[in-house]
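**Student:** Numbering (the working numbering), first residue to last: 1231 to 1490.
No residue lacks a Cβ here, since even glycine has one placed at the ideal position from N, Cα and C.
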């Protein structure tokens, strides 16, 4: 029914919280959880799966793929399976017990890409009691059907900044993008490939824990962040780098489009 793909790379403490909440998921019959380890040098992923009591299979990449590469790998694995839907869950996220059911209910009347994560960094417009239309959504927390995965894999698979690319593709093709108004997953990560200091930290709006494991994870993240506040204050050099990176992305995309 639903394939839940959890991508991990190092950061054992966050992975523990992610697995603890994933182990509590209420899933439709026939669903499956697969952990995809992106060639972690030190992470004992199998041990963490066992410690969490998580019923999941493990696939380990022989070499590091990075965020975009892992999305492509998961798409291919999903299309080779019998499942109807794919849910991405990053290792620095926790998830409500009823998240999958809530997402499937929304998909019953929605023909597009749905995110269970309502990021404060991506603005949107309310289109229902629990749905926000957006021009862009990040990949974490997205719930896919097979036709959208086939389309995205064919058109942008293997390319960098892959979530930016498939959002642009879907916008051009009038495929709607939306998020649940109340996030059913929450972001805990601070350090990592997509790390940002205060002012740029990603956060899912309206998340409400529905288990002690989720509450414990939020306490951990709150303590970790607030006890190390100075480390996460934006510097002038970081702000310049963020601006320059955004400009570079836009320029390379435009050059790529002209070359086609």
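Report the option in 1258, 1310 and 1243 whose CA atom is closest to the CA atom of residue 1277.
**Tutor:** Taking the chain shown and counting its residues from 1, one reaches residue 1277 at position 47. Ranking the options by Cα distance to residue 1277, first place goes to 1243.
**Student:** Take every Cβ of the region 1369 to 1382, pair it with every Cβ of the region 1307 to 1324, and state whether three or more of those distances are shorter than 8 Å.
**Tutor:** As far as the Cβ criterion goes, the region 1369 to 1382 touches the region 1307 to 1324, which means the pair count is three or higher.
**Student:** Classify residue 1272 as buried or exposed, calling it buried when 16 or more other Cβ atoms lie within 10 Å of its own Cβ.
**Tutor:** The residue given as residue 1272 occupies position 42 in the chain shown. When all chains shown are included, residue 1272 counts as exposed.
**Student:** Need the endpoints of the beta strand (DSSP E) that residue 1304 sits in, please.
**Tutor:** Position 74 of the chain shown holds residue 1304. Not the beta strand (DSSP E): residue 1304 falls in the alpha helix (DSSP H), residues 1296 to 1309.
**Student:** To test your reading of the DSSP string, which unbroken beta strand (DSSP E) runs of 3 or more residues are found completely within the region 1345 to 1417?
**Tutor:** Those beta strand (DSSP E) runs which fall completely within the region 1345 to 1417 and span 3+ residues are 1354 to 1358, 1361 to 1364, 1372 to 1375, 1407 to 1409 and 1415 to 1417.
**Student:** Return helix, strand or coil for residue 1289, following the three-state DSSP convention.
**Tutor:** Taking the first residue of the chain shown as position 1, residue 1289 is located at position 59. It is a strand residue.
**Student:** As a quick exercise: from 1352, 1233, 1384 and 1350, pick the residue whose alpha carbon is nearest that of residue 1285.
**Tutor:** Working through the chain shown from its first residue, we reach residue 1285 at position 55. With distances taken between Cα atoms, residue 1285 lies closest to 1233.
**Student:** Which one of 1367, 1331, 1357 and 1383 has the shortest CA to CA distance from residue 1299?
**Tutor:** For the purposes of this step, residue 1299 is taken as the residue at position 69 of the chain shown. Checking every option, the nearest Cα to that of residue 1299 belongs to 1383.
**Student:** Between which two residues does the beta strand (DSSP E) harbouring residue 1262 extend?
**Tutor:** Against the chain shown, residue 1262 aligns to sequence position 32. Note, residue 1262: beta strand (DSSP E), 1262 to 1267.
**Student:** For the candidate residues 1294, 1352, 1415 and 1408, whose alpha-carbon lies nearest to that of residue 1439?
**Tutor:** Translated into the one-based positions of the chain shown, residue 1439 becomes position 209. Among 1294, 1352, 1415 and 1408, the Cα nearest to that of residue 1439 is on 1415.
**Student:** Tell me where the alpha helix (DSSP H) around residue 1446 begins and ends.
**Tutor:** In the chain shown, the residue the question calls residue 1446 occupies position 216. Counting along the chain, the alpha helix (DSSP H) containing residue 1446 begins and ends at 1442 to 1456.
**Student:** Give the straight-line distance between the Cα atoms of residue 1404 and residue 1435, rounded to the nearest whole angstrom.
**Tutor:** Taking the first residue of the chain shown as position 1, residue 1404 is located at position 174. Taking the first residue of the chain shown as position 1, residue 1435 is located at position 205. Roughly 25 Å between the two C-alpha positions.
**Student:** So for residue 1212, helix, strand or coil by DSSP?
**Tutor:** In the structure as shown, the chain begins at 1231 and stops at 1490. Residue 1212 is therefore absent and cannot be evaluated.
**Student:** Leaving out the 5 sequence neighbours to the left and right, which residues in its chain are closer than 7 Å to residue 1443 when beta-carbon positions are compared?
**Tutor:** Counted from its first residue, the chain shown places residue 1443 at position 213. Answer for residue 1443: 1250, 1251 and 1254, listed in chain order.
**Student:** Between the Cα of residue 1270 and those of 1446, 1245 and 1260, spot the shortest distance and give me the residue it belongs to.
**Tutor:** Taking the first residue of the chain shown as position 1, residue 1270 is located at position 40. Of the candidates 1446, 1245 and 1260, the one whose C-alpha sits nearest the C-alpha of residue 1270 is 1245.
**Student:** Between which two residues does the beta strand (DSSP E) harbouring residue 1315 extend?
**Tutor:** Mapped onto the chain shown, residue 1315 falls at position 85. That run of the beta strand (DSSP E) goes 1315 to 1320.
**Student:** Between 1275, 1281, 1231 and 1308, which has its C-alpha nearest residue 1260's C-alpha?
**Tutor:** What you label residue 1260 is simply residue 30 of the chain shown in a count that begins at 1. Here the closest residue by C-alpha is 1231.
**Student:** Does residue 1449 pass the burial test, meaning 16 or more other C-beta atoms within 10 Å, or should it be called exposed?
**Tutor:** Taking the first residue of the chain shown as position 1, residue 1449 is located at position 219. Counting Cβ neighbours within 10 Å, residue 1449 comes out exposed, since fewer than 16 surround it.
**Student:** For residue 1343, name the three-state secondary structure that DSSP assigns.
**Tutor:** Numbered from 1 along the chain shown, position 113 holds the residue referred to as residue 1343. Residue state, collapsed to three classes: strand.
**Student:** What's the gap between the Cα of residue 1288 and the Cα of residue 1263?
**Tutor:** Taking the chain shown and counting its residues from 1, the one referred to as residue 1288 is at position 58. Taking the chain shown and counting its residues from 1, the one referred to as residue 1263 is at position 33. Those two C-alpha atoms are separated by around 9 Å.
**Student:** What number of angstroms, rounded off, separates the C-alpha of residue 1267 from the C-alpha of residue 1302?
**Tutor:** Looking up residue 1267 in the chain shown gives position 37. Looking up residue 1302 in the chain shown gives position 72. In a straight line, the C-alpha of residue 1267 is about 14 Å away from that of residue 1302.
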